[in-house]
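Colleague: Sharing a structure below in structure tokens format, with a few things to ask.
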Amino acid sequence: MPQESSHRVVLVVDENSNPFEMSCAIEVFGLPRPELGRKLYDFRLCAAEPHTRMRDGFFTLTGVAGLEAAEEADTLIVPNRPDTEVPRAERVLDVVRRAHARGARLVGFCSGAFTIAEAGLLDGRRAACHWMWEQSFRTRFPEVRLEPDVLFVDDGDILTASGSASALDLALHVVRRDHGAEIANHVSRRLVFGPHRDGGQRQFVERPLPAVPDESLGPLLAWAQERLGEPLTVADLAARAAVSPATLHRRFRAQLGTTPLAWLTGERVALACRLIERGEERLDVVAARSGLGTAANLRARLRRETGLSPSDYRRRFGPEPAAASGSVPSGSVMIPPGRGTVSA
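In this note's numbering, the protein residues as written are -16 to 327.
Here's what the structure looks like:
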């Protein structure tokens, strides 16, 4: 028998909302993962109406559970909404408030941040929203600490993504928080999705595609990822790319929305997480193999990235006794019933 998940994720579908964010949630939280031998989440869709038209009437969701399904959510996802200027239905806001009051984690995708703010739950809290609605959000919710031009914000029990594709970044971040970097990387690979993007990266890049192939960072990133344990510096990366450090900095900003140093540090922390998850006990070995140098630096970087000490991270995400010997729990993953069907 498959190992069942006790963590229920429920997404509240809105009339005329964009199906992209809903699809991101289904892909990350709702798909079966028989290769892992266990079910990561118990996923459900719910809506105010049993027949819910998606954006521009392209299709309609049928057989979706009612809002009462949200009462059992451990994580409640509030996706985008079609019109941020029209107040959300009070019954939906009540669902969000009750979920938060009983300790459920709230995740807002794109303009879903407006819904959480309307529920009165973001005052004094950090949040992200799409750059197109930044001014409108600030005007309507001046008490919210809006962080402009970031992909997503993790403020503990309330997480918000700026828009569209960043919903996938935030969803994978949630998996990383719940199950560790190794499982999150597995989910990302199955999605054929790129490397982990930190929430602090910019929402959009100045030039999504390099003007000429020689400016692509792909080969440089692959080269550096194979040498994270070496004392690589930004100067080394620039020399490898045969450009000045200033030019390299501009290319990283343009193509990745971050700096060379931030990217290098993030990759090293991710490698350290994977080493801990695989059972490496000695912190000095993890620090050396990941390029973080010392156990003290590893502790500081890991806590900054995950909020956990190495020992806490190991207890939460380290191998179980069976996994340490190389075995994988047997069984398959059942698809949760009642998630709704799609009709044209």
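Each residue gets a CB set at the ideal place from its N, CA and C atoms; glycine is no exception.
So, are the CB atoms of proline 293 and glycine 262 less than 8 Å apart?
Modeller: Position 310 of the sequence shown holds residue 293. Position 279 of the sequence shown holds residue 262. No, these two residues do not count as a Cβ contact at 8 Å.
Colleague: Can we say the region 148 to 166 touches the region 3 to 18, given the rule of at least three CB pairs closer than 8 Å?
Modeller: The region 148 to 166, when compared against the region 3 to 18, does touch it at the 8 Å Cβ threshold.
Colleague: Count the CB pairs spanning the region 19 to 34 and the region 97 to 113 that are closer than 8 Å, and state whether there are at least three.
Modeller: No, the region 19 to 34 is not in contact with the region 97 to 113.
Colleague: Taking DSSP's pairing of strands, which residues face arginine 36 in a bridge?
Modeller: Taking the first residue of the sequence shown as 1, we reach residue 36 at position 53. Arginine 36 pairs with Thr43.
Colleague: If we ignore side chains and look at the alpha-carbon of each, how far apart do arginine 190 and proline 131 end up?
Modeller: Counting from one through the sequence shown, the residue named residue 190 turns up at place 207. Counting from one through the sequence shown, the residue named residue 131 turns up at place 148. Note that arginine 190 scores 37 on pLDDT, short of 50, meaning its location in the model is unreliable and no value can be drawn from it.
Colleague: Quick check: the Cα distance between phenylalanine 3 and arginine 265, rounded to an integer number of angstroms?
Modeller: Translated into positions along the sequence shown, residue 3 becomes position 20. Translated into positions along the sequence shown, residue 265 becomes position 282. Near 43 Å, if we compare the C-alpha coordinates of arginine 265 and phenylalanine 3.
Colleague: When you compare the region 91 to 100 with the region 23 to 37, are there three or more beta-carbon pairs, one atom per stretch, that lie closer than 8 Å?
Modeller: The region 91 to 100 vs the region 23 to 37: no contact.
Colleague: Helix, strand or coil for arginine 81 per DSSP?
Modeller: For the purposes of this step, residue 81 is taken as the residue at position 98 of the sequence shown. If DSSP states are grouped into helix, strand and coil, arginine 81 belongs with the helices.
Colleague: Look at the Cβ atom of serine 273, then the Cβ atom of leucine 211, and state whether they are nearer than 8 Å.
Modeller: In the sequence shown, residue 273 corresponds to position 290, counting from 1. In the sequence shown, residue 211 corresponds to position 228, counting from 1. Yes, the pair counts as a contact, with Cβ atoms nearer than the cut-off.
Colleague: To the nearest angstrom, report how far apart valine -5 and asparagine 63 are at their CA atoms.
Modeller: To locate residue -5, count along the sequence shown from 1; it is residue 12. To locate residue 63, count along the sequence shown from 1; it is residue 80. The alpha-carbon atoms of valine -5 and asparagine 63 are separated by roughly 10 Å.
Colleague: With distances taken from CA atoms, which of Ala224, Arg282, Asp161, Asp295 is nearest serine -11?
Modeller: In the sequence shown, the residue the question calls residue -11 occupies position 6. Minimum Cα distance to serine -11 is reached at Asp161.
Colleague: Roughly how many angstroms lie between the CA atoms of proline 164 and asparagine -1, to the nearest whole one?
Modeller: Start at 1 with the first residue of the sequence shown, and residue 164 comes out as number 181. Start at 1 with the first residue of the sequence shown, and residue -1 comes out as number 16. The amino acid occupying residue 164 in the given sequence is alanine; proline does not appear at that position. C-alpha separation (whole angstroms): 34 Å.
Colleague: Can the beta-carbon of valine 157 be found less than 8 Å from the beta-carbon of valine 78?
Modeller: Position 174 of the sequence shown, counted from the start, is the residue given in the question as residue 157. Position 95 of the sequence shown, counted from the start, is the residue given in the question as residue 78. No.
Colleague: Going by Cα to Cα distance, which pick from Ala225, Val252, Ala229 is closest to threonine 242?
Modeller: Within the sequence shown, residue 242 is the residue found at index 259, counting from 1. Considering only alpha carbons, the answer is Ala229.
Colleague: Buried or exposed, going by whether 16 or more other CB atoms sit within 10 Å of the CB of arginine 159?
Modeller: Sequence index remark: in the sequence shown, residue 159 carries index 176 (1-based). The residue is buried, with at least 16 neighbouring Cβ atoms inside 10 Å.
Colleague: Between the alpha carbons of alanine 255 and valine 268, how many angstroms are there, rounded?
Modeller: Sequence index remark: in the sequence shown, residue 255 carries index 272 (1-based). Sequence index remark: in the sequence shown, residue 268 carries index 285 (1-based). About 10 Å.
Colleague: In three-state DSSP terms, what is aspartate 219?
Modeller: Counting from one through the sequence shown, the residue named residue 219 turns up at place 236. Here aspartate 219 sits in helix by DSSP.
Colleague: Give the secondary structure of arginine 21 by DSSP, where H, G and I count as helix, E and B as strand, and everything else as coil.
Modeller: Counted from its first residue, the sequence shown places residue 21 at position 38. Arginine 21: strand per DSSP, three-state reduction.
Colleague: What span of residues does the beta strand (DSSP E) with phenylalanine 92 cover, start to end?
Modeller: Against the sequence shown, residue 92 aligns to sequence position 109. Residues 88 to 92.
Colleague: Which ranges does the beta strand (DSSP E) cover as unbroken runs of at least 3 residues, wholly within the region 92 to 126, from first to last along the chain?
Modeller: Within the region 92 to 126, no complete beta strand (DSSP E) run reaches 3 residues.
Colleague: Can you check which of these residues, Leu285, Asp138, Val170, Ala100, is closest to arginine 71 by C-alpha distance?
Modeller: For the purposes of this step, residue 71 is identified with residue 88 of the sequence shown, where counting begins at 1. Of the candidates Leu285, Asp138, Val170, Ala100, the one whose C-alpha sits nearest the C-alpha of arginine 71 is Ala100.
Colleague: Since phenylalanine 135 sits in a beta bridge, which residues does DSSP pair it with?
Modeller: Position 152 of the sequence shown, counted from the first residue, corresponds to residue 135. Paired residue(s): Ala144.
Colleague: Within 10 Å of its beta-carbon, does glycine 240 have 16 or more other beta-carbons around it, so buried, or fewer, so exposed?
Modeller: Residue mapping note: residue 240 aligns to position 257 of the sequence shown, counting from 1. It is buried - the Cβ of glycine 240 has at least 16 other Cβ atoms within 10 Å.
Colleague: Could you check where the beta strand (DSSP E) with leucine 275 kicks off and where it finishes?
Modeller: For the purposes of this step, residue 275 is taken as the residue at position 292 of the sequence shown. Taken as a continuous stretch (DSSP letters only), leucine 275 belongs to no beta strand (DSSP E), as it is neither H nor E.
Colleague: Once DSSP output is grouped into helix, strand and coil, what is the label at valine -8?
Modeller: Locating residue -8 in the sequence shown gives position 9, where the first residue counts as 1. Valine -8: strand per DSSP, three-state reduction.
Colleague: For a quick check, are the C-beta atoms of leucine 215 and leucine 247 less than 8 Å apart?
Modeller: As a position in the sequence shown, residue 215 is number 232, starting the count at 1. As a position in the sequence shown, residue 247 is number 264, starting the count at 1. Cβ atoms of leucine 215 and leucine 247: closer than 8 Å.
Colleague: How would you label glutamine 118, buried or exposed, when you count the other beta carbons within 10 angstroms and need 16 or more for buried?
Modeller: Counted from its first residue, the sequence shown places residue 118 at position 135. Exposed: under 16 other Cβ atoms inside 10 Å.
Colleague: In angstroms, rounded to a whole number, what distance separates the CA positions of glutamate 55 and threonine 289?
Modeller: Within the sequence shown, numbered from 1, the residue matching residue 55 stands at position 72. Within the sequence shown, numbered from 1, the residue matching residue 289 stands at position 306. Their Cα atoms are separated by approximately 27 Å.
Colleague: The alpha helix (DSSP H) that contains leucine 151, what's its start and end?
Modeller: Counted from its first residue, the sequence shown places residue 151 at position 168. Unbroken alpha helix (DSSP H) run through leucine 151: 149 to 162.
Colleague: Check phenylalanine 300 in the structure and name its three-state DSSP category.
Modeller: Stepping through the sequence shown from its first residue, residue 300 is reached at position 317. Three-state DSSP puts phenylalanine 300 in a helix.
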